[in-house]
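Data block below; observations after.
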Ligand code: HSE
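In my numbering, the protein residues as written are 230 to 632.
In structure tokens:
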């Protein structure tokens, strides 16, 4: 018998209970043992829940029950979740989570703690929701030196950008719609300002390059500054605006990681990833390019990834399931300023001024553009170079082109 406790009966936690119950028969078969949901921890009451008998309010009941093998943490955040995860690992229980904030900020320490106590800390659901990405990265692609990862990692912002592109909604209108559809939180800051994507690229970078990359080391820009004008200019030359999380291997074991809106050519499969879908493109020195696509959020897709981790641990509780990485260091993460790319610029200027400032440019046009507005694509240059070129110009938008 393998006993599971779920911490937090929100969207993901209730999805995990549902998948464990609905697919109980096949899960038991695959594990070759009985996997039983023993506890659900939540401060709220759920008297009419089919799992009413499982609810407890005191974490120490779970912590002190030697029968509990696996704790599923779906509380979120990095405060109570950190305390409970630490205590569960110290009590010799494996922990499975979808909590990207906790993994991105404390993953190194928690993985060390798990190893010290001979248990596992797994978090497949923390990146890409239901998309299998972390395990493929560390096992199916293990023969590669991974060189870069580029991902649409946040469903809410991808939905907002899709609605701006396809329905002509403004950012505010699209955000309101996303909230009404239950995609965006009431406080959408973590999504629209890029923090959620930042946490996910930190986890991907750590697994791909072997060192913890902390969110505060990753320059992060969200989508609040993307306008319908930018969408129209990009469209005129066959580009979509997408929020990308990127990490690139650098010489001497260094890593470059950042989150920012980019212009993505319609020829790149990432441009066709719409609505709340996520996609992650990985480049390795043997495989070349490979892409993972699917539902990056939502109750059952996320629960699917969480329960897969539960099954993995339950199948072989003695196996070392660890995805260990190094502690990281400030000097290991380099600024994206070193990366050359083409740039999309929208500014109050004439095209002649733009040419004078930036050299060879590709002018962009849109219906209804006011006189005195110039939008264009530059040649390859770094951020310090484009910043110097644009000195003295009133710039409204500046985004990289994904080359
Ligand atoms: N808020 C996240 C998103 C949920 O919109 O992608 C999944 O991490």
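Every residue, glycine too, gets a C-beta built ideally from N, C-alpha and C.
- Does the segment 560 to 571 come close enough to the segment 261 to 279 that 3 or more CB-CB pairs lie under 8 Å? No, the segment 261 to 279 is not in contact with the segment 560 to 571.
- Straight-line Cα distance separating residue 402 from residue 603: 26 Å
- Task: Just the C-alpha distance for residue 484 and residue 379, rounded to the nearest angstrom, thanks.
- Result: 13 Å
- State the DSSP-derived secondary structure class of residue 428, mapped to helix, strand or coil. helix
- On the three-state DSSP scale, how would you describe residue 447? DSSP places residue 447 in coil when its eight states are reduced to three.
- Is it right to say residue 426 is buried, meaning 16 or more other beta carbons lie within 10 angstroms of its own, or is it exposed? Buried, since its Cβ has 16 or more Cβ neighbours within 10 Å.
- Task: Quick one: which unbroken alpha helix (DSSP H) runs of 4-plus residues sit fully inside the segment 306 to 350? Chain order, please.
- Result: Runs found: 309 to 319 and 329 to 345.
- Message: Quick check on DSSP: helix, strand or coil for residue 388?
- Response: helix
- 3-residue-minimum beta strand (DSSP E) runs that sit fully inside the segment 546 to 589, ordered along the chain: Those beta strand (DSSP E) runs which fall completely within the segment 546 to 589 and span 3+ residues are 572 to 577.
- With distances taken from each beta carbon to the nearest heavy atom of the ligand HSE, which residues come in below 6 Å, in chain order? Counting every residue whose Cβ lies closer than 6 Å to a heavy atom of the ligand HSE, we get 358, 383, 384, 385, 420, 425, 525 and 526.
- Message: What residue range does the alpha helix (DSSP H) around residue 613 cover?
- Response: 612 to 618
- Query: How about residue 382 and residue 356: do their beta carbons lie closer than 8 Å?
  - Reply: The answer is yes: Cβ separation under 8 Å.
- Message: Please state the DSSP three-state secondary structure of residue 622.
- Response: coil
- Task: Pick out whichever of 350, 253, 310 and 555 has its Cα sitting closest to the Cα of residue 441.
- Result: 555
- Kindly indicate which three-state DSSP category residue 233 falls into: helix, strand or coil? strand
- Would you mind reading off the limits of the beta strand (DSSP E) that contains residue 300? 297 to 302
- Item | CB-CB length for residue 562 against residue 245, believed under 8 Å | In fact, because the Cβ distance is near 33 Å, the residues do not count as touching under 8 Å.
- Are the Cβ atoms of residue 398 and residue 493 separated by less than 8 Å? Not a contact, by the Cβ cut-off of 8 Å.
- Consult DSSP for residue 511 and reduce its assignment to one of helix, strand or coil. In the structure shown, residue 511 sits in a strand (DSSP, three-state: E or B).
- Name the residue from 292, 618 and 596 whose alpha carbon lies nearest to the alpha carbon of residue 606. 618
- Message: Tell me whether the segment 359 to 373 and the segment 308 to 320 touch, counting them as touching only if at least three CB pairs, one residue from each stretch, are closer than 8 Å.
- Response: The answer is no - the segment 308 to 320 does not touch the segment 359 to 373, with fewer than three Cβ pairs under 8 Å.
- Rounded C-alpha distance that separates residue 267 from residue 293: 13 Å
- Three-state secondary structure (DSSP) at residue 600? coil
- Task: Apply the 10 Å Cβ neighbour rule to residue 349 and answer buried if 16 or more other Cβ atoms are within range, or exposed otherwise.
- Result: buried
- Query: On the three-state DSSP scale, how would you describe residue 365?
  - Reply: helix
- Item | Collapsed DSSP secondary structure at residue 420 in the structure displayed | Under the three-state reduction of DSSP output, residue 420 falls in the helix class.
- Measuring alpha carbon to alpha carbon, tell me which of 451, 346 and 310 ends up nearest residue 334. 310
- Item | Rounded distance between the beta-carbons of residue 503 and residue 418, thought under 8 Å | That belief does not hold up - the Cβ atoms of residue 418 and residue 503 are roughly 23 Å apart, past 8 Å.
- Task: Measuring alpha carbon to alpha carbon, tell me which of 253, 596, 587 and 624 ends up nearest residue 610.
- Result: Out of 253, 596, 587 and 624, 587 has the C-alpha closest to the C-alpha of residue 610.
- For residue 412, which of helix, strand or coil comes out of DSSP? Looking at residue 412 - three-state DSSP - the assignment turns out to be coil, as it is neither helix nor strand.
- Whole beta strand (DSSP E) elements within the segment 463 to 509, 3-residue minimum: 468 to 479 and 483 to 494
- What do you reckon, are the CB atoms on residue 234 and residue 270 nearer than 8 Å? yes
- Confirm, please, whether the CB-CB distance from residue 472 to residue 531 is below 8 Å. no
- Message: Based on DSSP bridge pairs, tell me the residues matched to residue 250.
- Response: According to DSSP, residue 250 bridges with nothing at all.
- Task: Below 8 Å on the Cβ atoms is my guess for residue 435 versus residue 336; work out the distance and round it to an integer in Å.
- Result: 6 Å
- Could you check where the beta strand (DSSP E) with residue 381 kicks off and where it finishes? 375 to 381
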